[in-house]
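I have placed the structure first, in the form of structure tokens, so that the comments after it can refer back to it.
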Amino acid sequence: MKSPTVLGVLVTLALLAIPGSLALEDEIGLPQCRGSRDEEPAEYTCLEQVKWGKCNETWVIEGNYCEEACGRCEGRAAVTTSGPLETRARSALEKPPSSACLSGYGPPETALYVKGSLLEEESGIAASHANEGILWLHNDNYDKKHVIAVSVLGPNAGNIVYVLDLEGLPGINKYSDFEDISVARCPFQSDRPEAERTWCVWVGDVGNNAEWDKGTFMYVVEEPIL
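Sequence positions in the sequence shown follow mature numbering (1 follows the signal peptide of the UniProt record, and there is no 0) and run -23 to -1, 1 to 203.
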């Protein structure tokens, strides 16, 4: 078990408004938008497509219509059309089934048994970039904050081969609630050529089992060579 090389810790996550994204309709005119409820007319214009922090529903332009992402947006207005308006429910029923789903799913197959008792409530999984045949996993519980490397190749397949100990990082405590993991380029490398940039393990402490405002954090550590 080894301590990580820390590239960035306690990077508080925040939703960022992208400049220019709030005035799409001003640039392209009022788009026709799909209705958000089964019995509503299907065609609308969203006068306030995205109103940062104010809309209790958000619409996103796709082609010449809007697709509901999280609820009704304030300020929409019906579009005048020459024919009868369909409803979302009728439109969905008339769509042919996707050819990708016609045969359904095959039976599950067991790819690997993970040996040992360190992984009890696996939540996140990511393939290593620096080490062939290695998966990084972590638990979703109040156990020690470890990221665990499991081999998927050769005689070590299923064995835990490394434990990345994050217990000593600032902000880690008994309420830390890891939910997901990824392997991507490390931050703060914009001055280096792409080929020379190192890879990091990114762990999202975004859960809230304690049900209080503990904050959300991203822990970023350089991926070790095993």
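The C-beta atom is built at its ideal place from N, Cα and C for all residues, glycine as well.
Note that the structure is a prediction, hence the values are computed from the model and not measured.
Proximity below 9 Å, CB of residue i to CB of residue j
i: V160; j: V183; result: no
i: N116; j: F155; result: yes
i: Y139; j: L203; result: yes
i: E144; j: K121; result: yes
i: I158; j: V124; result: yes
i: G93; j: N136; result: yes
Residue i (DSSP reduced to helix, strand or coil)
i: N108; result: coil
i: E99; result: strand
i: C133; result: Here residue 133 is Asn; the residue named in the question, Cys, does not match the sequence. If DSSP states are grouped into helix, strand and coil, N133 belongs with the helices.
i: A172; result: helix
i: L143; result: coil
i: W189; result: coil
i: S68; result: Note on S68: pLDDT 49, under 50, position unreliable in the model; the coordinate value appears next. It is helical.
Euclidean distance between Cα positions of residue i and residue j
i: G101; j: W113; result: 8 Å
i: T193; j: G181; result: 8 Å
i: E109; j: P147; result: 30 Å
i: D190; j: G131; result: 45 Å
i: E171; j: S128; result: 28 Å
i: residue 211; j: T175; result: Here the chain has residues from -23 to 203 only, and residue 211 is not among them.
i: S153; j: N185; result: 8 Å
i: R169; j: E199; result: 16 Å
i: R162; j: T87; result: 31 Å
i: P85; j: S167; result: 43 Å
Residues that residue i bridges to, as DSSP identifies them
i: C177; result: A161 and E199
i: V124; result: L141
i: L89; result: In the DSSP output, where bridge partners are listed per residue, L89 has none listed.
Residue i burial status per 10 Å Cβ neighbour count (16 or more: buried)
i: K151; result: exposed
i: A126; result: buried
i: A103; result: buried
i: Y82; result: exposed
i: A105; result: The displayed chain sequence assigns Ser, not Ala, to residue 105. With 16 or more Cβ atoms within 10 Å of its Cβ, S105 is classed as buried.
i: L89; result: exposed
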